[in-house]
Every structure is written in C-alpha cells, then in structure tokens.
Amino acid sequence: MPRWRRTTRSSPAGSAGERGTHVTRTVSQEAPAPEIAEEDWQRAVEAVRATPSDAEVLLACHVNPDGDALGSMLGTALGLRRLGFTRLRASFPGQTDLPEPFLSLPGLDLLVPEPDAPADPPLVLSFDAASIERLGGLGAQLKAAEASVVLDHHASSTRFGSINLVDPGAAATSVVADELLTRLGVVLDAEIAECLYVALATDTGSFRFSSTTPDVHRLAARLIATGIPIGEVSRRLFDTRPYGAVKLFGEVLCRATLEPAEAGGLGLAWTYATLADLERYDQRPHVLEALIDSVRCVAEADVACLVKQVRPTEWSVSLRSKGGVDVSRVAVALGGGGHRNAAGFTAHGTVGDVVAAVRAQLPGARISTVT
Ligand code: 5GP
Ligand code: MN
C-alpha cells in the first residue's frame, strides 16, 4: 500500500472542530431536531410588536460571551433600536471586560454590566444560551418577564423561554436573529450586519465547518453587501493577538499530549494552561479561547481538549471533535453542554483529574459509523 493512502479511518475533509450538527458518513442515535415552528416565529414577532417602544427591553447572552453570543445580541438590539425602541439594554453575567476583538462592535453603547440591567423589563430576549443558568443573575429578569424569547442553536437547549426560537440546524444564533429581524421588517444596515457577521464567522470557524451551508453563504453575502469592512473585521477576529499571547500559545502547545489509544483508538490530544502561564506572559484569560483551534489540528486525534485554569482548583474545559465522538455528551455528563463537535464544561480538582474524567467519558460518546 503506498504510504500516502490512508488505510485507517478517515475524517471528512475540512470538518475539524466544527460545531455544526451535519456530519457526513456518520449517524447518531438522536432523531433530527425540529426546526422552528411558524407559530413560534409569529408569537415572537407579536411579543415584540406588543411591547411599547418606550418599555424597557433586556437582551441577554451567556456568560463569557463569544462572537455569536455578543454579535447576535447586539445586532438584534440595533435592529430593535431601528424599530423605535428607546430603552434597550444588553447585558451578560460575570466579568464585564470584553476580549479585544469585540471592542469595536457596533452597539456596545447598549451594553451594561449585569447589576445595571433593568430589574423588571416586560420583554427579555436571550441569545446563544442553552440553559437559563448560562445567563447568571439575568435569568431572574427572564423568568419574571411577561414575554421571554430564547434565540439559540444548541441541540441541548432547555427551551427556557416563553417563546423558543431554537434551531439546532442553524450554524449560529445569528442565523435565527437575522430571521427574526427580517420578520420584524428591520432593514439590514452595516452596523447590524457587522454584528451578525462576527457571530456567523465565529461560529462557522470562518466558514470552514460543515455547518457552512449555501444558506450561510447567502446570509454572509447579504451582510457583506451592506458595506462592512470585511478585511478589517476578519483580521481583528482571527488574525490578531498580542506578542505575549503568541509566546504563551507556543509554551502551552509544547506541552500538548497525544494519546492515540483513547476514545476507542480515535485518539485524544490535550494540553492545559494555568493562571501562572497567563501571569508570566501578562495575558488575560480570553486570549486562550483561540488556543483550542491549534490543539484540534493534531491529525492523529479525533478529540481535542484544552484545560484552562480559572481559579486554583477550577478549570474551564474546551472539547472539540472531528466527528467520531459527540463531545457534547462528554460535556453534559460532566455538567456542561455544547454541540456535537464543540462543547465545554467547568471542572474542579487537578489537571490530571480533569483529563481522567474526560477520558472516562469518551468511549460512551463515540458516534457509530455507517460504512
Ligand atoms: P468553548 O470551548 O469555545 O468555550 O465552548 C464551546 C461550546 O461549548 C460553546 O459554544 C458552548 O455551547 C459550550 N460550552 C462551553 N462551556 C460550557 C459550560 O460551562 N456549560 C455549558 N452548558 N456549555 C458550555
Ligand atoms: Mn453559537
């Protein structure tokens, strides 16, 4: 057999680390998730239309927000502003300092820290949060609101709103947000489009994951047509990081471990970053978010795992799969959640404990392959 011909399992080209639910050549035991019902769209549109334009409206996204959470939330907030809403507030729980790539997003003037969010808004919209816990204290406002609209694309969504716009087939929450804005009659402008584009580009891994359908490209085309500075936005999002972070990445990747026998022979690649690492290079925790992309490059492993220290004995764990393992099952079993190919959870103990817990869940999370 020539050396260049793979004789073992192969993964679909270009599918590394994707979050999408469409995986070719493999099947899961789950039934396909239903799309959003027409009735739910109508109820969401009516809930917005029934809210007086001078009423308080709270838009909330998940703790430690990523591009999709922030972009879909701020894009929708700007859309509601165009419709005449005057008392809009956007918020997320926990630390308020945003990662640099998001510091020039349009609509940031609507963002307030969690304690400053309106206490009793009649309408609350939630973005990219699979469960109410991901909204921290803002979940209280959502529960008390006359209407709460959950916009999301997590298959694991607990559908905690009074109206749930949850489409696990959507590449990003911003796909759902765009549809809602269209149905509300909002005309896209460059500011709204930049927010939605950042969300879409983030969650599709810059249009590389298999969740990148023709409709995703059609939406991207509509967004780009508004005149957003696409080169600048992409550079800011994907190709900019402080010198110290580059050095830090080098060190953390140097200690990456490959365990080819794990996940029933599909392989696990993992590494970890500590608070001391961050301190040594004078970096903030969010710079580590892109690091999992370098771990999941490892050709010999289907599963990538990055263990990030957030407190002395607390770790935030990122998991990625190339399609052989449903990492959301691993994450859910360990108290977290996510998508089939990208998931995460919070863990306690030592790095060794955390990786051992992941290893133990991998065999049960394998996806059966059709041949
Ligand atoms: P990341 O590794 O980029 O932080 O997260 C990947 C995905 O895993 C996210 O889109 C999110 O859906 C999910 N995720 C990450 N951390 C957690 C967590 O602590 N709890 C839950 N429920 N989901 C998480
Ligand atoms: Mn998302």
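All residue numbers for the sequence shown refer to my numbering, where the first residue is 3 and numbers rise by one. Note that beta-carbon positions come from the ideal geometry of N, C-alpha and C, so glycine has one too. All of these numbers come straight from a predicted model, not from anything done at the bench.
Closest to residue i by C-alpha separation, out of the options, would be which residue?
i    : options                : result
P263 : L100, G338, A303       : As written in the sequence, residue 263 is Ala, which differs from the Pro given in the question. When each option's Cα is compared against that of A263, the closest is A303.
C63  : A146, R161, A131       : A131
Q44  : G109, L182, P101, S158 : L182
D284 : F251, E261, L268       : F251
T276 : S318, P244, R51        : S318
P365 : G340, H350, V332, P67  : V332
L225 : A39, T160, S74         : S74
V188 : A146, A292, G86, S164  : G86
A39  : T214, S55, L190, V178  : V178
L308 : H341, V254, D328       : V254
R83  : G69, S158, L190        : L190
F240 : D217, T206, K249, L280 : T206
R313 : D279, V329, A292, R342 : D279
G246 : S128, E281, L202, V334 : E281
T53  : P67, T88, R286, E37    : T88
T160 : T204, E135, P67        : E135
R243 : H288, S128, A142, L260 : H288
Going by the CB atoms, is the gap between residue j and residue i shorter than 9 Å?
i    : j    : result
L290 : A306 : no
L198 : D169 : no
G326 : I294 : no
L153 : L167 : yes
L61  : A92  : yes
P108 : L80  : yes
G339 : S176 : no
V329 : A292 : no
Using a threshold of 8 Å, is the CB atom of residue i nearer than that to any non-hydrogen atom of the ligand 5GP?
i    : result
F251 : no
T206 : no
A201 : no
R136 : yes
N166 : no
A132 : yes
In whole angstroms, give me the CA-to-CA distance for residue i and residue j.
i    : j    : result
L221 : V200 : 12 Å
G96  : L140 : 10 Å
E148 : T228 : 35 Å
A265 : V65  : 30 Å
G19  : D42  : Only weak support is given to the placement of G19: the predicted model assigns it a pLDDT of 37, under 50, and the value that follows is read from those uncertain coordinates. Using only the alpha carbons, I get a separation of about 31 Å.
P120 : L112 : 12 Å
K324 : A344 : 9 Å
F209 : T78  : 22 Å
R361 : P115 : 38 Å
Q311 : V50  : 41 Å
F94  : F162 : 17 Å
I232 : D355 : 43 Å
H219 : D122 : 39 Å
L100 : V235 : 16 Å
V126 : Q363 : 36 Å
A359 : L268 : 17 Å
S106 : S212 : 29 Å
L202 : V353 : 32 Å
A71  : A174 : 9 Å
P117 : V59  : 15 Å
T26  : P216 : Below a pLDDT of 50, predicted positions are generally treated as unreliable, and T26, at 33, falls in that range; the measurement from the model is reported next regardless. Those two C-alpha atoms are separated by around 16 Å.
G69  : T204 : 6 Å
Please go through the same chain and pick out, in chain order, the residues whose beta-carbon is closer than 7 Å to the beta-carbon of residue i, but skip the five residues on each side of it.
i    : result
V47  : R185, L186
G337 : F347, T348
T315 : H350, G351
P4   : Interpretation of P4 is limited by its pLDDT of 44, a score under 50 that renders its predicted location unreliable; no figure is taken from the coordinates.
S164 : A149, S150
T214 : A173, T206
A146 : D122
K249 : Y283
Counting only the same chain and skipping the five closest in sequence on each side, list residues whose C-beta sits under 6 Å from that of residue i.
i    : result
H156 : A132
V357 : W272
R238 : P103
A57  : P124
A172 : H155, V178
H24  : Low per-residue confidence applies at H24: pLDDT is 37, beneath 50, and the placement is therefore not dependable, though the value from the model is reported in the following sentence. Here the set comprises S212.
For the ligand MN, I want to know if residue i counts as a neighbour, meaning its beta carbon is within less than 8 Å of at least one of the ligand's heavy atoms.
i    : result
A292 : no
D180 : no
T214 : no
T160 : no
D295 : no
T242 : no
L169 : It should be pointed out that residue 169 corresponds to Asp in this sequence rather than to Leu. Every heavy atom of the ligand MN is 8 Å or more from the Cβ of D169, so no.
Residues in its own chain within less than 8 Å of residue i by CB, not counting five upstream and five downstream?
i    : result
G258 : First, the residue type needs correcting, since residue 258 is Ala and not Gly in the sequence shown. Once the five neighbours on either side are set aside, the close Cβ partners of A258 are A271, W272, T273, V297, V300.
I230 : A192, A195, E196, Y199
Check whether chain C comes within 9 Å of residue i, counting only Cβ atoms and requiring the distance to be less than that.
i    : result
L183 : The question asks about chain C, but that chain is absent: this structure has only one protein chain.
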